[in-house]
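Report on one structure; see the data block that follows.
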Amino acid sequence: MVTPVTPCLPPHPLPLNNDTTHHHHRRLLHYLTQCTSISHLKQIHAHTLRTSPTQHNSHSLFLFSRILHSSISYDLNYAFRVFDHIEEPNTFMWNILIRACAHSSDRKKQAILTYHDMLSSGASVGPDKHTFPFVLKACAYLFCLSEGKQAHAQILKLGLDSDVYVNNSLIHFYASCGCLDYARDVFEKMPERSVVTWNVMIDALVQAGEFESALKLFDEMQSSFEPDWYTLQSIVNACAGLGALSLGMWVHAYVMKICDSNVADGVLLNSSFVEMYCKCGSLEIAEQVFERMHKRNVTSWNSMIIGYAMHGQAEAALDCFARMVNEGFMPNSVTFVGVLSACNHRGMVSEGRKYFDTMITDYKIEPVLEHYGCLVDLLARAGFIDEALDLVSNMAVKPDVVIWRSLLDACCKKNAGVELSEEVFKKIIELEGGDCSGVYVLLSRIYGSARRWNDVGLLRKLMSDKRVIKQPGCSSIEIDGVAHEFFAGDSSHPQTKEIYALLDTIEERLESVGYVPDFSQAPLVDELEHGKKHSLRLHSERLAIAFGLLKAKPGVPIRIFKNLRVCNDCHNVTKLISSLYDVEIIVRDRARFHHFKRGSCSCLDYW
DNA sequence: CTAGGGTTAG
2 MVTPVTPCLP PHPLPLNNDT THHHHRRLLH YLTQCTSISH LKQIHAHTLR TSPTQHNSHS
62 LFLFSRILHS SISYDLNYAF RVFDHIEEPN TFMWNILIRA CAHSSDRKKQ AILTYHDMLS
122 SGASVGPDKH TFPFVLKACA YLFCLSEGKQ AHAQILKLGL DSDVYVNNSL IHFYASCGCL
182 DYARDVFEKM PERSVVTWNV MIDALVQAGE FESALKLFDE MQSSFEPDWY TLQSIVNACA
242 GLGALSLGMW VHAYVMKICD SNVADGVLLN SSFVEMYCKC GSLEIAEQVF ERMHKRNVTS
302 WNSMIIGYAM HGQAEAALDC FARMVNEGFM PNSVTFVGVL SACNHRGMVS EGRKYFDTMI
362 TDYKIEPVLE HYGCLVDLLA RAGFIDEALD LVSNMAVKPD VVIWRSLLDA CCKKNAGVEL
422 SEEVFKKIIE LEGGDCSGVY VLLSRIYGSA RRWNDVGLLR KLMSDKRVIK QPGCSSIEID
482 GVAHEFFAGD SSHPQTKEIY ALLDTIEERL ESVGYVPDFS QAPLVDELEH GKKHSLRLHS
542 ERLAIAFGLL KAKPGVPIRI FKNLRVCNDC HNVTKLISSL YDVEIIVRDR ARFHHFKRGS
602 CSCLDYW
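According to the working numbering, the residues represented by the first sequence are 2 to 608, in order.
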């Protein structure tokens, strides 16, 4: 009885005449369910308002839902105008209005406001299980912790706390507000979970940098669910964070096996693989993945450029940048972080200045803290400390601890003088509150090289008064998929005996080729004076490297991850070991990679 | 009608 109406436009498929019969009304409704053109919907709406005021409300409702339906682009202003005409909006109507706001790019706040309007609109309608995912999404985006908590209270009051969707939204919300404990609490107490539940919880942990916990949860998950590509995406990021190369490779193989080509060839996933391989120290595989990608976007290029930069391959990074531009991609703010960081790791001062200017004038990109960070560090470490200070005081952004710290680091390396160093030191303490151990060590080294032992002592007292705890150096190495961790001076490893015996042998061989320890960066001068002459050889990476040598397979590089930066002496020693034992050693620093091979390092001793 | 990023300086 209802004549089918084809939804294609144009030509106009529905005559807008003054027919108000039941038949026409049905045709109109049917058409509305198929129409995907917002301008045409508006047209019909206007017509309906003119010709059949009696059907106004029901049509408005219908139009309203159609207009806000996800297949049609949102027109929030129009939606709110229509909504105002609806006499008694039901829960469904409120929900889709809230959804529209939550999905919008610039009016998420209105989702929360509308939710409040809904609550106070009368007792006959109220939120239901569909409402909260939208509201919580907005809260998560806006970091509105208290608003979201109120919604949570409402959820409990309405007895919706067993709904999977609602709980998943709660986990995501709490996690993005930084309340991992609350998120976990919701996760633990849920009566029922879905793949998404595990995914949001795993991703929450990854985002918070709790990679091991994320992997543990990933393990647990697999007894009840098969991971999907979303899970794998998070796990790849966890591998990148941990530097867990073999697990990352396993995930890569797994993705190729279970995912169809649409997913396996996806830009997002492959960009993550590029990033993961770079962060795990395998630039070669990263390049392979990148070159084989069928489709790329700005993020893919950025991952590769940043990867090159991390490994000190400035030329490759800049070539990659040029190629990207050549292929018509528009570099963004992150691209330039990569480019500037590449210049920084090679000490390319004039190029760095040039790209910084290009970014501002040619690409109209406002420099942010990270850009300034690269440039300041580049200038200062290359010896242009005055220019770096000048930049810091004229920056459009407030300098942060990282910037001051890199200045202090440069002051130390370049012997910039005690007065200047003290001033920079003060800035850091102002910002950080004084519990960052690294800067005390730097300043004491500066005092030490100026032979101001008195100040060294005072500083040491200050440290113990303020209970500043030195961050212990820690290095890890992955052997057959298992991570082995070593702290400085550690003797807790099951194979400690062999490790220390090998360290003795290494020492002998080093001395036979004329090695002399470099104490210039020994942690604190008085440790030296108290006879801890061996503290250098007990640096955590030495233990890890020794263990790596014990377990080494011919031709396979030894990969080490260190939480701090390598010191001069370890850098020397590692270079020598790479030639004495004919082995490639790849070290991921706090800031970058060093590839030691045949007695030299990829950083060319500039780091 | 309901759930799940975007990357970044040392």
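Glycine included, C-beta positions come from ideal geometry on N, C-alpha and C.
My guess is that residue i and residue j are in contact by the Cβ rule of under 8 Å, so how many angstroms apart are they, rounded?
i: Asp-505; j: Asn-569; result: Asp-505 to Asn-569, Cβ: 22 Å. No contact.
i: Leu-341; j: Gly-353; result: 6 Å
i: Phe-597; j: Lys-563; result: The pair is not a contact, with the Cβ atoms about 13 Å apart (cut-off 8 Å).
i: Phe-174; j: Gly-210; result: Not quite, the Cβ-Cβ distance comes to about 19 Å (not below 8 Å), so this is no contact.
i: Lys-130; j: Leu-161; result: 5 Å
i: Cys-413; j: Arg-446; result: 6 Å
i: Leu-539; j: Leu-503; result: Not confirmed; about 13 Å, so no contact.
Under three-state DSSP, which class holds residue i?
i: Val-585; result: For the record, residue 585 in the displayed sequence is Glu; it is not Val. If DSSP states are grouped into helix, strand and coil, Glu-585 belongs with coil.
i: Ala-112; result: helix
i: Ala-484; result: strand
i: Cys-145; result: coil
i: Cys-475; result: strand
i: Phe-594; result: strand
i: Ser-601; result: strand
i: Lys-563; result: strand
i: Ser-224; result: coil
i: Asn-333; result: coil
i: Ile-87; result: coil
i: Asp-261; result: coil
i: Asn-298; result: coil
i: Lys-415; result: coil
i: Val-557; result: coil
i: Lys-462; result: helix
i: Cys-240; result: helix
i: Val-514; result: coil
i: Ala-489; result: coil
i: Leu-447; result: For the record, residue 447 in the displayed sequence is Ile; it is not Leu. Three-state DSSP puts Ile-447 in a helix.
i: Tyr-255; result: helix
i: Pro-1; result: This structure cannot settle anything about residue 1, because the visible part of the chain is limited to 2 through 608.
i: Phe-385; result: coil
i: Met-202; result: helix
i: Gln-496; result: coil
i: Pro-128; result: coil
i: Glu-285; result: helix
i: Ser-627; result: Nothing about residue 627 can be reported from this structure: the residues present for the chain run from 2 to 608 only.
i: Met-349; result: coil
i: Cys-344; result: helix
Between the options, which lies nearest to residue i when the distance is taken from Cα to Cα?
i: Asp-583; options: Arg-593, Tyr-607, Arg-589, Arg-599; result: Arg-599
i: Ile-586; options: Arg-593, Phe-84, Cys-602; result: Cys-602
i: Lys-415; options: Trp-608, Pro-332, Ser-334; result: Trp-608
i: Ser-638; options: Ile-429, Ser-394, Lys-399; result: The requested residue 638 is not part of the displayed model; the chain covers only 2 to 608.
i: Ala-417; options: Val-393, Val-402, Tyr-441, Ala-381; result: Ala-381
i: His-153; options: Leu-143, Ile-172, Tyr-142; result: Ile-172
i: Ala-47; options: His-31, Leu-77, His-86, Arg-28; result: His-86
i: Asn-96; options: Cys-180, Pro-128, Arg-82; result: Pro-128
i: Asp-401; options: Cys-140, Val-469, Leu-432, Phe-594; result: Leu-432
i: Gly-313; options: His-31, Tyr-32, Arg-593, Arg-28; result: Arg-593
i: Gly-374; options: Trp-405, Cys-281, Arg-347, Ile-366; result: Trp-405
i: Leu-1; options: Leu-444, His-31, Gly-556; result: Since the displayed the chain opens at 2 and closes at 608, residue 1 lies outside it and no answer follows.
Taking the Cβ atom as the reference point for each residue, do residue i and residue j lie within a distance shorter than 8 Å?
i: Phe-385; j: His-372; result: no
i: Ala-287; j: Tyr-278; result: yes
i: Val-398; j: Ala-389; result: no
i: Ile-259; j: Ser-235; result: no
i: Cys-475; j: Ser-541; result: yes
i: Ala-451; j: Val-425; result: no
i: Ser-163; j: Pro-192; result: yes
i: Arg-566; j: Asp-590; result: yes
i: Ala-315; j: Met-349; result: yes
i: Leu-143; j: Lys-110; result: yes
i: Val-335; j: Asn-303; result: yes
i: Ala-124; j: Leu-98; result: no
i: Phe-633; j: Ser-283; result: Only positions 2 to 608 of the chain appear in this structure, which leaves residue 633 out of reach.
i: Gly-482; j: Leu-248; result: yes
i: Leu-409; j: Val-440; result: yes
Across which residues does DSSP place residue i in a beta bridge pair?
i: Arg-194; result: DSSP, once it has assigned bridges, lists no residue as partnering Arg-194.
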